[in-house]
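Top to bottom, those sequences are chains A and B.
Numbering-wise (my numbering), the first sequence opens with residue 3 and increments by one.
Numbering-wise (my numbering), the second sequence opens with residue -13 and increments by one.
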Amino acid sequence: MMRAGPSQEEIRKHNLGTLLRHVHLGGPTSRAELTTLMGLNRSTIMALTADLTAVGLVREELPRDTGRAGRPSLVVRPESARVYVLAFDVGVDRVAAARIGLGGVILDRREAVRQRGPFDMAEVVGMLAGFARQMHRKTRADTVCVGAAAAFCGAVRKSDGVVRIGPNIGLEEGPFGDELSRKLALGLPVAVGNDANLGALAEHTRGIGMGCRDLIYLHGDVGIGGGIVVNGQLLGGFAGYGGEVGHMVVNLGGRPCGCGSRGCLEAEVGERALMEHAGRYGEAIGRDGVRAVVDAADRGDVVAQEALQRVGDWLGLGVANLVNVFNPEMVVFGGMLRELYLGSAAQVRSRINTVTLAASRERLRLRTSVLGDDATLMGAAELAFAQVLADPLEVLARFAP
Amino acid sequence: MSQGPVLELRGIDKSFGPVQVLHDVAFSVYPGEVTALVGDNGAGKSTLVKCIGGIHPIDAGEYFFEGEKVQVNGPRDAAALGVEIVYQDLALCDNLDIVQNMFLGRERTSGLVLDEAMMEEMAAKTLAGLSVRTVKSLRQQVSSLSGGQRQTVAIAKAVLWNSKVVILDEPTAALGVAQTAQVLELVRRLADNGLAVVLISHNMNDVFAVSDRIAALYLGRMAAQVRTSDVTHSQVVELITSGRSGELGLRNGNGAAS
Ligand SMILES: Nc1ncnc2c1ncn2[C@@H]1O[C@H](COP(=O)(O)OP(=O)(O)O)[C@@H](O)[C@H]1O
Ligand SMILES: [Mg+2]
Ligand SMILES: [Zn+2]
């Protein structure tokens, strides 16, 4: 049977979403620019803008300072202070929550240290829901929350947000999204994604990788996570576990990994490997630990230098494999890998330069994250905005106060 | 990326009295790229940079800018081309604030009359364009800044006037780990914004972290200029310490150019 073409209503929904996405990602945009970007005529853009303005998703106003004479054309801006999502991030040592406005503006933000040890679902969910309530209490009456999502340092099933395994945070088969949604009690489902996948999304849409269609984001947080963007799309895999490069084996029979295997990238490059090689395991954790080793190496500590060389060598091998397979335009080092890359780049790049195809690496750009500690949180916000961007009017009608 | 060099030197000789410090040096820098200039202490890196900046007159050789042969007879000539150098000693005034420092010595050369509000706005825009968020107030005195923040101000000052080439002489030498990371990211961002950047550094991690090309000076001669994606750490160390590495570098041990 032949499928009927899209209806008028479907086309309008699609165009509304596309226009909203342009101002969400690109900030204030003039009607003229939108006309060019979307390939539609002026009157259609005007009608779409009017629809979005009527429900309070965007507003039109004069640009702030044009610096030019003559009548400036109106720009369409996202209603960042009015339309927002709740974004959450669960890392090994930190939990964070933020209220993020349309356009990617952090309106409010809370975070707390998480003690290492077994994962306590009730405690983490309680803490995040508490943050959300505190932030909610401070909002004006006309604001509207259009979604919620969380980044989690584990492998997450796409269909239901269940964390299948988070070896570094001690969680297996945890229905994190459902639990948080229930505790929030806002009538909102909480979408959950792997933290590195969402970090990749954030760096791709608003970070160092803007405009890159092929990008790999590597996230260091005790272990190593990865998010792979191919031709502008995040590689999710069949069930959502795509991009787990931390468990790519680089050293057959090497160091034991939290996943049960040996010689995984994160077993050779993760926090424990670095700290043990440096003879400092147990002295400091997280970023402080990595910085202490890089600092000692800078001051001439030979053990620290060798530790960084060893770890940098494995990191380079891991990146090299990814470069050969994906031919990315950019590899971004985020989380603790920022410090680790900068402190061992000679090793990392030497390894890449010796084991990749010259053609695959010749235009490769290696960069550190620009979103830094907010990358995963910003990525969660993008996930939370997905619905309103897909069908702006329906979602707003559903959630408007 | 396959654009030609914005700045190119050929056959540069430079002596101080009887001592020849630079021998027949060729050096090219490209827009959008970081070129690391490496070499042992005394190899001639700072001297080469001062020749580029018009501080030292060259004895022989040619200076091309955007493909045109030019004469650079002093720092003003270099600045007029859009070549800015951030020297090791930074030359900031401790008792002036950030905005004043960024415009120091520039009010007249620009030919514009700038009021304080305008200067503050330009300084703020420059720092924001570099994604610098580490300074609290632009009206802070420079004496209250950390080493990394001072370096940042000096770099921002260098890019304020639409410069095309920015040369940084060991910008991370005196900094701790956290500040080094910030300065390296700033260096990378300058190039990603389209500038040609030259980074002098002794730290091979810094060099490999941010550079696109590496130029190695050995005893005043350019041993090799290579793409960073084509070499290893040990090859670069060999170029620095002996002027050659396998097929790369100078042909004979006493440093005659290949
Ligand atoms: N103004 C000067 N007068 C005399 N000799 C100098 C002067 N500047 C540099 N030199 C000499 O030139 C050589 C190269 O120095 P320099 O360019 O500072 O090297 P680098 O920056 O690579 O360490 C050294 O032997 C140094 O002593
Ligand atoms: Mg020097
Ligand atoms: Zn593993």
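Glycine included, C-beta positions come from ideal geometry on N, C-alpha and C.
Notebook entry, point to check: ligand 2: which residues have Cβ under 7 angstroms from any of its heavy atoms, chain order?
Noted result: With 7 angstroms as the limit, the residues whose C-beta approaches any heavy atom of ligand 2 more closely are Lys31(B), Ser32(B), Gln74(B), Asp155(B), Glu156(B), Ile186(B), in sequence along the chain.
Check: In whole angstroms, what is the alpha-carbon distance linking Arg175(B) and Pro330(A)?
Finding: Taking the Cα positions, Arg175(B) is about 19 angstroms away from Pro330(A).
Next item on the list: Answer with yes or no whether the minimum CB distance from Arg351(A) to chain B is below 8 angstroms.
Entry: yes
Notebook entry, point to check: Listed in chain order, which residues of the segment 195 to 222 of chain B have Cβ atoms closer than 7 angstroms to some Cβ of chain A?
Noted result: Ala195, Thr214, Ser215, Asp216, Val217, Thr218, His219
Next item on the list: Just mark Val327(A) as buried or exposed, buried being the case when its beta carbon has 16 or more other beta carbons within 10 Å.
Entry: Flag for Val327(A) reads exposed.
Checklist line | For Leu124(B), the three-state DSSP class (helix, strand or coil) | finding: Here Leu124(B) sits in coil by DSSP.
Check: Using a C-beta to C-beta distance shorter than 8 angstroms, which residues of chain A count as neighbours of Ala167(B)?
Finding: Arg340, Glu341, Leu344, Thr370
Next item on the list: Taking Met245(B) as the query, report the chain A residues whose CB atoms sit under 7 angstroms from its CB, ordered along the chain.
Entry: A query on residue 245(B) cannot be resolved here, the shown segment of chain B reaching from -13 to 244 and no further.
Check: Mind checking if Leu146(B) is an interface residue toward chain A, Cβ cutoff 8 angstroms exclusive?
Finding: Judged by the 8 angstroms Cβ criterion, Leu146(B) is not in contact with chain A.
Notebook entry, point to check: Are Asn61(B) and Gly39(B) closer than 8 angstroms when you measure CB to CB?
Noted result: Residue 61(B) is actually Pro in this sequence, not Asn. Taking 8 angstroms as the Cβ cut-off, Pro61(B) and Gly39(B) qualify as a contacting pair.
Notebook entry, point to check: Since Glu341(A) is in the alpha helix (DSSP H), which residue starts that stretch and which ends it?
Noted result: 339 to 357
Checklist line | Nearest to Ala202(B) (by Cα), restricted to the options Ile41(B), Ser228(B), Asn191(B), Ser215(B) | finding: Ser228(B)
Next item on the list: Can you tell me which of the three DSSP states Leu88(A) falls into?
Entry: strand
Checklist line | Reduced DSSP category for Met208(B) - H, G, I as helix; E, B as strand; rest coil | finding: strand
Checklist line | Gly176(A), buried or exposed, once every other Cβ within 10 Å from all chains shown has been counted against 16 | finding: Counting Cβ neighbours within 10 Å, Gly176(A) comes out buried, since at least 16 surround it.
Margin query: Gly228(A) and Val251(A) - do their beta-carbons sit closer together than 8 angstroms?
Written below: no
Margin query: Give me the DSSP bridge partner(s) of Leu220(A).
Written below: Partner(s): Gly228(A), Phe335(A).
Checklist line | Neighbourhood of Ala98(A) by C-beta distance below 6 angstroms, restricted to the same chain and skipping five residues each side | finding: Asp91, Glu113, Leu379
Item checked: Below-8 angstroms beta-carbon distance, Arg363(A) vs any chain B residue -> yes
Next item on the list: State the start and end residues of the unbroken beta strand (DSSP E) segment that holds Asn87(B).
Entry: Not the beta strand (DSSP E): Asn87(B) falls in the alpha helix (DSSP H), residues 84 to 89.
Note to self: So with CB distances below 9 angstroms, who are the chain B contacts of Arg215(A)?
What the structure shows: None at all; the shortest Cβ gap to chain B is about 17 angstroms.
Next item on the list: Round the Cβ separation of Leu154(B) and Pro17(B) to the nearest angstrom and send it over; I've been treating them as touching at under 8 angstroms.
Entry: That belief does not hold up - the Cβ atoms of Leu154(B) and Pro17(B) are roughly 16 angstroms apart, past 8 angstroms.
Notebook entry, point to check: Can a CB atom of chain B be found closer than 8 angstroms to the CB of Arg293(A)?
Noted result: yes
Notebook entry, point to check: So, do the segment 244 to 263 of chain A and the segment 219 to 233 of chain A have three or more beta carbon pairs nearer to each other than 8 angstroms?
Noted result: Touching, yes, given that three or more Cβ pairs across the two stretches are closer than 8 angstroms.
Check: What does Tyr49(B) pair with, by DSSP beta-bridge criteria?
Finding: Leu(-5)(B)
Item checked: Heavy atoms of ligand 3 versus C-beta positions, residues under 5 angstroms -> His249(A), Cys259(A), Cys261(A), Ser263(A), Cys266(A)
Notebook entry, point to check: Just to confirm, does Leu2(B) get its C-beta within under 7 angstroms of one of the non-hydrogen atoms of ligand 1?
Noted result: The question names Leu, but residue 2(B) in the sequence shown is Phe. Yes - ligand 1 has a heavy atom lying nearer than 7 angstroms to the Cβ of Phe2(B).
Margin query: Please classify Gly232(B) as buried or exposed, where buried requires at least 16 other C-beta atoms within 10 Å of its C-beta.
Written below: exposed
Next item on the list: Examine the Cβ distances between the segment 51 to 60 of chain B and the segment -10 to 8 of chain B and report whether three or more of them are shorter than 8 angstroms.
Entry: yes
Notebook entry, point to check: Alpha carbon to alpha carbon, how far is Gly105(A) from Ala151(A)?
Noted result: 16 angstroms
Notebook entry, point to check: Would a check of beta-carbon distances place Asn355(A) closer than 8 angstroms to chain B?
Noted result: For Asn355(A), the answer is yes, since a Cβ of chain B falls inside 8 angstroms of its Cβ.
Next item on the list: Alpha carbon to alpha carbon, how far is Asp10(B) from His42(B)? Give it in angstroms, no decimals.
Entry: 16 angstroms
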